[in-house]
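Peer 1: After the structure tokens below, expect a handful of questions from me.
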DNA sequence: GAATCGTCTGTTTTT
DNA sequence: CAGACGATTC
């Protein structure tokens with residue numbers, strides 16, 4: 002490997018071997034390359050791949066890192082998220098905490114249901130809002146490593162304690178347990194701690210600014226013996242404080258790890274100087290910053306385009322038209338274009354605009370495939386195949402399709418289960434073979450046969466499991482359970498849901514092929530922990546995502562949309578100056594993803610909560626000096642300037658040709674905020690489209 | 001126990 | 001405006 006292509010700071014980082022090192026890596030400063038080369042360097046020196054642990058922020062980033070090392074050095078290095086790492090450790094060693102190693106992992110939805118259940122048991126009512134709030138508080142407590150006894154609010158502690166007990170009875174862990182229990186395990190069990198301290202000699206943590214207290218503590222525990230910690234991060238890109246992240250961890254690094262060295266990477270290789278300096282100017286509005294000014298030897302580039310539309314529809318139209326224009330004029334591949342927004346709900350207007358112009362797009366994140374109802378139903382069935390104790394999966398599947406076992410019957414069963422001190426599914430097994438197993442429990446004939454069928458179904462699947470592939474097991478499950486009967490209840494969505502299930506089977510088959518030791522348990526775990534951002538798309542497509550999901554990515558052309566007060570910065574951040582600073586960092590992260598072209602857009606009215614709300618441009622727009630900006634809004638003279646190159650106008654009834662939509666007829670010619678605009682009827686698609694003359698490039702036929 | 005209809009309530013961000 | 005939730009009826 003040649004280090005010629007590295008600058009002196011990068012080289013120093015790559016060549017660092019022993020002791021703690023903090024790399025303050027600004028946006029676009031070649032962080033990925035440094036991390037990869039440094040691992041390669043360790044391997045060159047004879048460090049074994051199994052001695053190295055790399056922790057990344059997402060599973061996707063972890064997969065990429067593994068891939069790079071495999072290609073570069075043909076070596077298998079362990080790279081995972083903190084949560085996956087926790088799961089790995091706990092699967093091996095959680096026995097010391099009195100749990101079983103085949104625990105299920107509950108996502109937020111599952112956890113909330115269980116918590117709601119606990120609240121009902123404690124006679125605290127089953128209000129969903131309360132459950133949601135409580136779950137958040139318990140999550141915060143766990144991320145701060147507070148036990149049920151340790152929390153200040155005693156009534157919270159009571160619920161928290163009950164919830165932990167319930168989880169244990171279900172043989173399940175929630176997301177936060179993967180960190181909380183791992184730390185607890187290592188803190189309380191000397192031999193286990195030593196084992197893991199000895200396992201990895203070199204530990205690398207990416208996105209260190211977004212570690213919370215539990216993750217920080219886990220890091221400290223793991224590196225305690227060898228002190229070979231290589232942490233990479235950028236306090237200006239800390240955007241997860243609401244998840245307990247403390248960017249102060251990065252500022253305290255030298256205190257926490259005595260003898261630590263710090264290297265600053267401040268040369269940016271990604272963006273044009275216009276984009277970079279505008280981003281610098283924005284982030285400088287944050288007080289108390291660790292001073293770091295990114296610079297670039299690159300060209301000035303084009304100015305950042307600002308567009309302020311009348312409403313979100315117009316904003317989206319502008320973006321769609323501009324994408325077509327830029328893709329055509331500058332031959333930018335669709336994969337190299339992205340739209341970032343603050344909230345998932347904003348994607349809709351852009352989807353509509355892109356859809357109507359036949360621009361391929363994919364949404365990264367958002368409603369995950371695995372969060373869909375039908376997928377979770379199937380996965381719950383599979384979890385029950387593994388475990389008798391998984392209450393949440395039982396409750397989810399027992400009446401799918403209808404088996405006559407509604408809430409009232411389930412209450413009775415739950416009560417009987419508590420009385421007999423049996424997991425509810427075990428109780429059902431007993432009842433299936435002996436209807437009089439519980440004294441005084443009366444089920445109707447229909448209910449009893451429904452319950453018996455359900456138990457038999459699970460047993461059949463358990464028997465079949467060893468001889469079947471996962472996708473075959475799913476097929477079996479669908480067939481035997483008559484799950485499709487349930488889908489038929491909603492004919493509107495049935496086709497979609499069926500296709501999703503087919504896709505799940507496809508993914509299962511694919512996953513099983515790729516894996517050396519595929520197990521059902523591992524399959525379920527990976528699906529639960531998988532970040533929503535791991536979609537594989539075959540066709541080139543524009544990427545739509547939240548600002549949070551944009552972290553770590555880069556695109557030639559970026560649209561940062563919805564830059565309005567109360568949206569970005571979000572209204573919920575207003576009461577707290579620190580939250581506003583985080584919103585500013587979020588905006589900064591978005592801007593610095595752009596290589597060549599950056600668009601900042603907003604709209605004057607936005608349809609929210611059922612009505613049009615007037616919006617004000619974001620303060621962040623005003624914090625960027627105008628010398629980096631050019632205005633493309635309808636009211637600006639800029640638009641006329643662009644319009645001068647318009648082709649001669651067409652008149653109504655004239656035949657025209659569009660490179661994408663084909664032959665069409667002008668229905669109407671008029672002036673809109675985009676200048677000369679046509680409504681054109683296209684024969685091919687039998688639709689009328691509104692096109693701006695200056696973008697659409699219509700030819701006469 | 002299930003289906004249907006109205007009412008209400010709400011939108012940050014995610015491993 | 002949606003989607004979730006609860007009350008009412010079958």
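In the working numbering, the protein residues as written are 2 to 702.
The beta-carbon is built from N, C-alpha and C at its ideal position, and this holds for glycine as well.
Small disclaimer: the values here were computed from a predicted structure and weren't measured.
Can you tell which of 597, 693, 670 and 664 has the C-alpha that lies nearest to the C-alpha of residue 302?
Peer 2: 597
Peer 1: Based on the DSSP secondary-structure assignment, which residues constitute the bridge partners of residue 543?
Peer 2: 362
Peer 1: Do residue 294 and residue 281 have their C-beta atoms closer together than 8 angstroms?
Peer 2: Yes, the Cβ-Cβ distance between residue 294 and residue 281 is below 8 angstroms.
Peer 1: Output yes or no for whether 8 angstroms exceeds the beta carbon distance between residue 230 and residue 264.
Peer 2: no
Peer 1: Are there 16 or more other CB atoms within 10 angstroms of the CB of residue 10, so buried, or fewer, so exposed?
Peer 2: buried
Peer 1: Is the beta carbon of residue 41 closer than 8 angstroms to that of residue 272?
Peer 2: no
Peer 1: How is residue 656 classed by DSSP in three states: helix, strand or coil?
Peer 2: Residue state, collapsed to three classes: strand.
Peer 1: From this set, 406, 379, 496 and 397, which residue's C-alpha is nearest residue 476's C-alpha?
Peer 2: 379
Peer 1: Among the candidates 366, 478, 219 and 161, whose CA atom is the shortest distance from the CA of residue 83?
Peer 2: The residue with the shortest Cα to Cα distance from residue 83 is 219.
Peer 1: Which same chain residues, not among the five before or five after residue 568, have their C-beta less than 6 angstroms away from its C-beta?
Peer 2: Non-local C-beta neighbours of residue 568 in its own chain, meaning closer than 6 angstroms and more than five positions away in sequence, comprise 343, ordered along the chain.
Peer 1: Use the C-beta contact count for residue 250: other C-beta atoms within 10 angstroms, 16 or more gives buried, fewer gives exposed.
Peer 2: buried
Peer 1: What separation, rounded to the nearest whole angstrom, lies between the Cα atoms of residue 211 and residue 290?
Peer 2: 16 angstroms
Peer 1: Taking Cβ positions, are residue 554 and residue 340 nearer each other than 8 angstroms?
Peer 2: no
Peer 1: Throw me the rounded Cβ distance for the residue 650 and residue 630 pair, which I believe falls under 8 angstroms.
Peer 2: With 8 angstroms as the limit, residue 650 and residue 630 do not qualify as a contact, their Cβ atoms being about 30 angstroms apart.
Peer 1: Helix, strand or coil for residue 599 per DSSP?
Peer 2: In this structure, residue 599 counts as strand in the three-state DSSP scheme.
Peer 1: Hey, residue 260 and residue 20: beta-carbon distance below 8 angstroms or not?
Peer 2: yes
Peer 1: Can you grab the Cα-Cα spacing for the pair residue 246 / residue 129, in whole Å?
Peer 2: 26 angstroms
Peer 1: Tell me the residue span of the alpha helix (DSSP H) that contains residue 462.
Peer 2: It spans 446-465 - the alpha helix (DSSP H) in which residue 462 sits, taken as one unbroken run.
Peer 1: So, for residue 387: in the same chain, excluding its five sequence neighbours on each side, which residues have a beta-carbon less than 8 angstroms away from its beta-carbon?
Peer 2: Closer than 8 angstroms at Cβ, skipping near neighbours: 103, 105, 521, 522 and 525.
Peer 1: Curious, which full-length alpha helix (DSSP H) runs of at least 4 residues does the stretch 157-209 contain?
Peer 2: 178-189 and 191-200
Peer 1: What number of angstroms, rounded off, separates the C-alpha of residue 701 from the C-alpha of residue 352?
Peer 2: 30 angstroms
Peer 1: Any idea what DSSP makes of residue 439, helix, strand or coil?
Peer 2: coil
Peer 1: Report back the beta-carbon spacing between residue 618 and residue 548 to the nearest angstrom; my notes put them in contact at under 8 angstroms.
Peer 2: Between residue 548 and residue 618 the Cβ distance is about 17 angstroms, and since that is not below 8 angstroms, they are no contact.
Peer 1: Examine the Cβ distances between the stretch 56-68 and the stretch 497-511 and report whether three or more of them are shorter than 8 angstroms.
Peer 2: no
Peer 1: Locate the beta strand (DSSP E) running through residue 615, then write down its first and last residues.
Peer 2: 612-615
Peer 1: Sorted by chain position, which residues of the same chain lie with C-beta nearer than 6 angstroms to residue 308's C-beta, five sequence neighbours on each side aside?
Peer 2: 319, 602, 633 and 634
Peer 1: Go ahead and pull the three-state DSSP assignment for residue 567.
Peer 2: strand
Peer 1: For a test of the three-state rule: what should DSSP assign to residue 282, helix, strand or coil?
Peer 2: helix
Peer 1: Using three-state DSSP, classify residue 489 as helix, strand or coil.
Peer 2: DSSP, read as helix, strand or coil, puts residue 489 in helix.
Peer 1: Closer than 6 angstroms by C-beta to residue 624: which residues in its own chain qualify, once you throw out the five before and the five after it? Chain order, please.
Peer 2: Take residue 624, set aside five residues on each side of it, and the residues of its chain with a beta-carbon closer than 6 angstroms to its own are 283 and 286, in chain order.
Peer 1: Looking at C-alpha atoms only, which residue of 657, 653 and 658 is the closest neighbour of residue 1?
Peer 2: Past the edges of the chain, shown from 2 to 702, lies residue 1, and the structure says nothing about it.
Peer 1: Using a Cβ-Cβ cutoff of less than 7 angstroms, which residues in the same chain neighbour residue 638 once the five nearest sequence positions on both sides are dropped?
Peer 2: With a pLDDT of only 37 at residue 638, under the threshold of 50, the placement of this residue in the model should not be trusted; the figure read from the coordinates follows. Excluding sequence neighbours, residue 638 sits near nothing in its chain.
Peer 1: Give the C-beta separation of residue 453 and residue 433 to the nearest angstrom, bearing in mind that I take them to be a contact with Cβ-Cβ under 8 angstroms.
Peer 2: 4 angstroms
Peer 1: Report the option in 228, 217, 347 and 612 whose CA atom is closest to the CA atom of residue 145.
Peer 2: 217
Peer 1: Assess, as a yes-or-no matter, whether the stretch 437-448 is touched by the stretch 465-476 under the definition of 3 or more beta carbon pairs within less than 8 angstroms.
Peer 2: no
Peer 1: From which residue to which residue does the alpha helix (DSSP H) around residue 220 run?
Peer 2: 214-224
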